Each structure stands twice: as structure tokens, then as C-alpha cells.
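Here the structure is laid out as C-alpha cells; the discussion comes afterwards.
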Amino acid sequence: DQQVKQNSPSLSVQEGRISILNCDYTNSMFDYFLWYKKYPAEGPTFLISISSIKDKNEDGRFTVFLNKSAKHLSLHIVPSQPGDSAVYFCAASEGFNAGNMLTFGGGTRLMVKP
Amino acid sequence: DAGVIQSPRHEVTEMGQEVTLRCKPISGHNSLFWYRQTMMRGLELLIYFNNNVPIDDSGMPEDRFSAKMPNASFSTLKIQPSEPRDSAVYFCASSMGGGNQPQHFGDGTRLSIL
Numbered sequence: 001d002q003q004v005k006q007n008s009p010s011l012s013v014q015e016g017r018i019s020i021l022n023c024d025y026t027n028s029m030f031d032y033f034l035w036y037k038k039y040p041a042e043g044p045t046f047l048i049s050i051s052s053i054k055d056k057n058e059d060g061r062f063t064v065f066l067n068k069s070a071k072h073l074s075l076h077i078v079p080s081q082p083g084d085s086a087v088y089f090c091a092a093s094e095g096f097n098a099g100n101m102l103t104f105g106g107g108t109r110l111m112v113k114p
Numbered sequence: 001d002a003g004v005i006q007s008p009r010h011e012v013t014e015m016g017q018e019v020t021l022r023c024k025p026i027s028g029h030n031s032l033f034w035y036r037q038t039m040m041r042g043l044e045l046l047i048y049f050n051n052n053v054p055i056d057d058s059g060m061p062e063d064r065f066s067a068k069m070p071n072a073s074f075s076t077l078k079i080q081p082s083e084p085r086d087s088a089v090y091f092c093a094s095s096m097g098g099g100n101q102p103q104h105f106g107d108g109t110r111l112s113i114l
């Protein structure tokens with residue numbers, strides 16, 4: 001039973017346009033959500049996070065949106081750059097009382113074409 | 001600042017041999033996590049430590065797997081005896097204490113059991 005799902009295994013976007021990556025979850029106890037970026041042969045790199053008390057968090061070109069009622073979050077990258085091409089994982093945590101353990105989605109491969 | 005350091009980066013060994021993976025977390029981080037990534041199951045948590053104490057090992061697949069954290073700067077994941085189905089990329093991650101802290105990953109160990 002996958003508690004965190006990324007239904008799009010891949011996404012292709014033109015350079016300069018917006019990339020939107022989606023993630024759905026089923027566990028209503030999740031209260032902290034993160035996005036990681038992963039290049040081949042490297043570990044996942046933390047990108048941006050959001051607490052369940054917020055619905056939006058922005059960091060430069062990256063914005064994460066959280067819709068708690070729909071149990072859905074998304075990552076927007078504007079403008080997309082070829083260097084953004086990577087696999088993106090969303091992750092969720094029940095927080096400190098659960099040891100900050102993360103449950104990961106299956107990942108979405110983003111390809112940004114020049 | 002040094003990130004999470006894992007060794008070796010690659011390990012190829014024959015079935016039945018003992019395998020030891022090593023991890024040095026980021027200095028000051030008091031939580032450490034071991035993950036396994038496979039095509040079939042994605043990124044899955046094996047075990048995590050808080051202040052060098054194993055807290056949750058429910059993800060460890062079977063008794064052939066064991067993990068230790070003798071001090072705050074070192075952890076090992078051991079597989080004995082190894083089997084071909086253990087072939088995967090193993091990641092170590094660490095985070096600071098407190099709520100809503102992102103985990104920071106090492107670059108992983110690619111393990112191949114022949």
C-alpha cells in the first residue's frame with residue numbers, strides 16, 4: 001500500500017517554461033512534506049519543504065503547494081532550466097514524534113529540453 | 001561543510017559473502033537513516049537511529065541484515081550472508097534533532113551480489 005504516490009513517471013518540458021510535478025498521499029497523519037532532486041550516481045538532494053500549517057512555500061525558482069483536503073502537493077519550477085533535468089522525489093513525514101521518518105514516492109523523471 | 005560520507009561507493013561480491021557498508025553522518029546530526037533503493041520498491045527505509053540508539057528497524061528485510069552505530073560519527077550496515085536479491089543502492093542519511101528537519105543523503109553504495 002503506497003502512502004505517497006507520484007503518478008507521472010516522467011515529464012518533458014521546454015527550457016524557460018514551467019515544470020509542474022505532482023504528488024498524492026493517503027496518510028492523514030503526514031504533517032511535513034519535502035521534495036528531493038536526484039542526479040544519476042548521486043544521493044537525493046533536499047530541495048524544498050512545507051509544513052502542513054502552510055499551503056505554499058517558495059524558494060527562488062521552486063514553489064511547493066500543499067492542498068491538505070485533497071491530500072495533494074505539487075512542485076513548480078519556473079523557469080525550467082536544462083540543469084533541472086533529474087529525478088524528483090516527494091516525501092512525507094508524520095513529524096518529530098515519528099522520528100522524522102520519511103516515506104518516499106516513486107519519483108518523476110524531469111527532462112528539460114534546451 | 002562535509003556531507004554524509006558513505007563507503008565503499010561500489011561493492012561487487014559473491015553470494016554468501018559478508019558485506020559491510022559504512023556511513024559517516026554530518027557532524028552535529030543526531031538522527032541517522034539507512035535506505036535501500038531498487039527498481040521494484042523504490043526508496044525504502046531500513047532502519048533509523050536517534051542519538052546512536054536504534055529506534056525503528058521494522059524495514060530491515062530479514063535477520064541477515066544488521067546495523068550498528070557505535071558512536072555519533074559512524075554507522076555500519078552489514079549483510080551476512082549476502083544474496084543476489086540484496087543487490088541495490090544503499091543510502092545513508094542524517095538529520096538534526098527536533099521537528100521538521102530535512103534528511104541529507106550520502107551518494108550511496110551500489111551493491112552487486114553475484
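Just so you know, the sequences run in chain order A and B.
With the first letter of the first sequence counted as 1, position 14 gets the number 14 in the numbering used here; the numbers rise by one all the way through.
With the first letter of the second sequence counted as 1, position 113 gets the number 113 in the numbering used here; the numbers rise by one all the way through.
All residues carry an ideal CB built from backbone N, CA and C; glycine is no exception.
Every value quoted in this text rests on a predicted model; they were computed, and no experiment measured them.
If contacts are defined as beta-carbon pairs under 8 Å, then residue i and residue j qualify, I think. What distance do you get, rounded to the angstrom?
i              : j             : result
residue 80(A)  : residue 17(A) : 6 Å
residue 109(B) : residue 25(B) : Contact doesn't hold; Cβ gap of about 15 Å is too wide.
residue 12(B)  : residue 79(B) : Not really, about 14 Å apart at Cβ, beyond 8 Å.
Expressed to the nearest angstrom, what Euclidean distance is found between the alpha-carbon atoms of residue i and residue j?
i              : j              : result
residue 34(B)  : residue 70(B)  : 15 Å
residue 107(A) : residue 21(B)  : 25 Å
residue 24(A)  : residue 72(A)  : 4 Å
residue 58(B)  : residue 14(A)  : 42 Å
residue 40(B)  : residue 19(A)  : 26 Å
residue 120(A) : residue 68(B)  : Outside the modelled stretch of chain A, which goes from 1 to 114, sits residue 120(A), for which no answer is possible.
residue 67(A)  : residue 50(A)  : 11 Å
residue 84(A)  : residue 111(A) : 8 Å
residue 12(A)  : residue 42(B)  : 21 Å
residue 55(A)  : residue 61(B)  : 36 Å
residue 64(B)  : residue 16(B)  : 11 Å
For residue i, does the three-state DSSP call read helix, strand or coil?
i              : result
residue 70(B)  : strand
residue 61(A)  : coil
residue 61(B)  : coil
residue 17(A)  : coil
residue 82(A)  : helix
residue 22(B)  : strand
residue 86(B)  : helix
residue 30(A)  : coil
residue 24(A)  : strand
residue 71(A)  : coil
residue 3(A)   : coil
residue 17(B)  : coil
residue 94(A)  : coil
residue 55(A)  : coil
residue 133(B) : Outside the shown range of chain B (1 to 114) lies residue 133(B), about which nothing can therefore be said.
residue 37(B)  : strand
residue 56(B)  : strand
residue 100(B) : coil
residue 3(B)   : coil
Let me make sure I understand the geometry here. Which of the options has the alpha-carbon closest to that of residue i?
i              : options                         : result
residue 135(A) : 87(A), 94(A) and 111(A)         : An answer regarding residue 135(A) cannot be provided, because it is not within the stretch 1 to 114 covered by chain A.
residue 69(A)  : 37(A), 52(A), 40(A) and 90(A)   : 52(A)
residue 3(B)   : 92(A), 8(A), 42(A) and 63(A)    : 42(A)
residue 10(B)  : 89(B), 83(B), 76(B) and 28(B)   : 89(B)
residue 38(B)  : 72(B), 12(B) and 85(B)          : 85(B)
residue 23(B)  : 29(B), 83(B) and 6(B)           : 6(B)
residue 31(B)  : 19(B), 43(B), 77(B) and 47(B)   : 47(B)
residue 35(A)  : 28(A), 8(A) and 76(A)           : 76(A)
residue 44(A)  : 77(B), 18(B), 76(B) and 105(B)  : 105(B)
residue 27(B)  : 102(B), 60(B), 100(B) and 95(B) : 95(B)
residue 107(B) : 63(B), 93(B), 100(B) and 114(B) : 93(B)
residue 3(A)   : 104(A), 113(A) and 58(A)        : 104(A)
residue 45(B)  : 36(B), 82(B) and 52(B)          : 36(B)
residue 51(B)  : 29(B), 83(B) and 87(B)          : 29(B)
residue 73(B)  : 49(B), 87(B) and 60(B)          : 49(B)
residue 99(B)  : 89(A), 37(A) and 31(A)          : 31(A)
residue 103(B) : 58(A), 62(A), 82(A) and 48(A)   : 48(A)
I'd like to know whether the C-beta of residue i is nearer than 8 Å to at least one C-beta of chain A.
i              : result
residue 104(B) : yes
residue 101(B) : yes
residue 108(B) : yes
residue 75(B)  : no
residue 65(B)  : no
residue 82(B)  : no
Would a check of beta-carbon distances place residue i closer than 8 Å to chain B?
i              : result
residue 155(A) : The displayed coordinates of chain A run from 1 to 114. Any statement about residue 155(A) would go beyond what the structure contains.
residue 100(A) : yes
residue 60(A)  : no
residue 106(A) : yes
residue 44(A)  : yes
residue 32(A)  : yes
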